[in-house]
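Engineer: In terms of this note's numbering, the sequence shown opens at residue 54 and continues consecutively.
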Amino acid sequence: MKTVDAYKVDRGSKVLLNANESYKNLPKHIIEEIKEGIEEVLFNRYPDSSANLLTKTYAKAFNVSEDNVMFGNGSDEMLGLIIGLNIKEGRKLYTLNPDFSMYDYYTSFHQGTVLKYPIDNFDVDKFIQNGKENNVSMVIFSNPNNPRGSLISKEDIFKILSSFNDIPVVVDEAYGEFCDCSMVDEINNYSNLYVTKTLSKAYGVAGIRLGMILSNKDNINVLRSMKVPYNVNSVTQFIGIKILEHKDELDVYSKEIIERRDEFYNELVKRDYKDLIIYPSYANFIYFKSNLKGELINNLESNGISIRSFNDDSFRITIGSEKEMEDVLEIIDDTFGR
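1. Out of Asn121, Asp365 and Pro333, point me to the one whose CA is closest to phenylalanine 317's CA.
2. Measure the Cβ-Cβ separation of isoleucine 370 and isoleucine 310 and say whether it is below 8 Å.
3. How would you call methionine 378, buried or exposed, if buried means at least 16 neighbouring beta carbons within 10 angstroms?
4. Which complete alpha helix (DSSP H) runs does the region 305-366 hold, if anything under 4 residues is left out?
5. Starting from the Cα of leucine 204, find the closest Cα among Tyr335, Asp386 and Glu230 and give me that residue.
6. Could you name the residues that DSSP lists as bridge partners for arginine 399?
7. Please name the residue in Phe162, Asn183, Ser195 and Leu149 whose C-alpha comes closest to that of aspartate 173.
8. Helix, strand or coil: how does DSSP classify tyrosine 99 here?
9. Count the other CB atoms within 10 Å of the CB of glutamine 182; is the residue buried (16 or more) or exposed (fewer)?
10. Which term fits phenylalanine 153, buried or exposed, when burial requires 16 or more other beta carbons within 10 angstroms of its beta carbon?
11. Short of 6 Å in beta carbon distance, which residues of its chain neighbour asparagine 286, apart from the five on each side in sequence? Order them along the chain.
12. Give a yes or no on whether the C-beta atoms belonging to asparagine 126 and arginine 262 are separated by under 8 Å.
13. Counting Cβ pairs closer than 8 Å, one from the region 82-101 and one from the region 222-236, do we hit at least three?
14. Rounding to the nearest angstrom, what Cα-Cα distance links tyrosine 243 and tyrosine 147 in this structure?
15. Do lysine 212 and valine 237 come within 8 Å of each other at the CB atom, strictly closer than that value?
16. In whole angstroms, give me the CA-to-CA distance for alanine 59 and leucine 276.
17. Using the rule of at least 16 other Cβ atoms within 10 Å of the residue's Cβ for burial, across every protein chain shown, is asparagine 198 buried or exposed?
18. Measuring alpha carbon to alpha carbon, tell me which residue in Gly229, Ser206 and Asn352 is nearest phenylalanine 338.
19. Return the CA-CA distance between methionine 54 and glycine 165, expressed in angstroms with no decimal places.
20. Quick one, which of Lys323, Glu375 and Val381 has its alpha-carbon nearest leucine 349's?
21. I'd like the list of long-range same chain contacts for isoleucine 292, defined as Cβ closer than 7 Å, with 5 residues on each side in sequence excluded.
22. Touching or not, the region 128-147 and the region 315-329, by the rule of three or more beta carbon pairs under 8 Å?
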């Protein structure tokens, strides 16, 4: 087995703009509902392995069939499951550069190889040609992209699905609620399409670890037969149902973040900083590059603010509260000058 580096997230600062979480907890009345109902959970019994009530509630909330969705311990588990079913030694997983690091983690764990196509100036025809020439076994990418925040159009995804119609194509929509870009409506039109989603980002419950994978009925039945039993605990199922029952109310949060993200981006662009590259975003964060990254991070950390730094000169800032973004903008001004 290959050695795989552990995935690490810094939790040391007071203002966490590094993990793309919601900046606020659930509304108090939803927390009260959870408190009042938690006594109904049978802690002495194993959870419902099929998550039947959760599945029914999700299907109703998102207008999908119960046959088209399966739940996991975060969407990470679902990604790991489908990668494990399709990748082994001698097989290649095809993704973008950069993209979500867990694709590399699971592929390495299963002895496979990762082939990456550069996301800059993305050309779908060249992407397809490169994948065909390298005989890839699976295609996967986040959309919107993590960490860039960029978006592959539905038209390009249709091309990818048709061109790689004999292998799985997984669209990771962890940030799909922050744009009008979901492929869920197409899961019964393409036999090779899988979509992963999560309640961690737009619905503010990263702490309960609840994700899902959607595909056609046959694909979901195969995945259900391969997953470990009792993978979603009883408390997570209970809270997940409560969240889904309040979906319309909680959807206001993603709209708020979209508005704040665009305001923050426009303010940054308007300032025209000399040493800062700012990337447009369709997610709940903005991606940057700068040769002054180290100085900016020091200035942010000295004010108790943590962001996500990558190995090169790039970094990512999660969209937080109005006050948090005002503070970040002020520190960026101080670092780069206006």
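Beta carbons are placed, not taken as given, at the ideal position from N, Cα and C, and that holds for glycine.
Structural biologist: Answer, in terms of the structure:
1. Nearest option by C-alpha distance: Pro333.
2. No, Cβ-Cβ distance for isoleucine 370 and isoleucine 310 is not below 8 Å.
3. When all chains shown are included, methionine 378 counts as buried.
4. The region 305-366 is shown to contain whole alpha helix (DSSP H) runs of 4 or more residues at 346-354, in chain order.
5. Ranking Tyr335, Asp386 and Glu230 by Cα distance to leucine 204 puts Tyr335 first.
6. A query on residue 399 cannot be resolved here, the shown segment of the chain reaching from 54 to 391 and no further.
7. Across the set Phe162, Asn183, Ser195 and Leu149, the C-alpha of Leu149 shows the shortest separation from the C-alpha of aspartate 173.
8. Three-state DSSP puts tyrosine 99 in coil, outside helix and strand.
9. Residue environment: glutamine 182 is assigned as exposed (fewer than 16 neighbouring CB atoms within 10 Å of its CB, all protein chains considered).
10. By the 10 Å Cβ count, phenylalanine 153 comes out buried.
11. These residues qualify, in order along the chain: Pro100.
12. Cβ distance < 8 Å, so asparagine 126 and arginine 262 count as in contact.
13. By the criterion of at least three beta-carbon pairs nearer than 8 Å, the region 82-101 is not in contact with the region 222-236.
14. Computed Cα separation, rounded: 19 Å.
15. No; because the gap between Cβ atoms is not below 8 Å, this pair is not in contact.
16. Note that alanine 59 scores a pLDDT of 45, beneath 50, so its modelled location is shaky; the value from the coordinates is reported in the next line. Cα to Cα, the separation comes out at about 26 Å.
17. By the neighbour-count rule (16 or more Cβ atoms within 10 Å), asparagine 198 is buried.
18. When each option's Cα is compared against that of phenylalanine 338, the closest is Gly229.
19. Unreliable positioning characterises methionine 54 in this predicted model, as indicated by a pLDDT of 42, which lies under 50. The coordinate reading is nonetheless provided below. Rounded to the nearest angstrom, the two C-alpha atoms are 11 Å apart.
20. The candidate whose alpha carbon is nearest that of leucine 349 is Val381.
21. Within the same chain, and ignoring the five residues on either side of isoleucine 292 in sequence, the residues whose Cβ sits closer than 7 Å to its Cβ are Ile87, Val258 and Ile261.
22. Touching, no, given that fewer than three Cβ pairs across the two stretches are closer than 8 Å.
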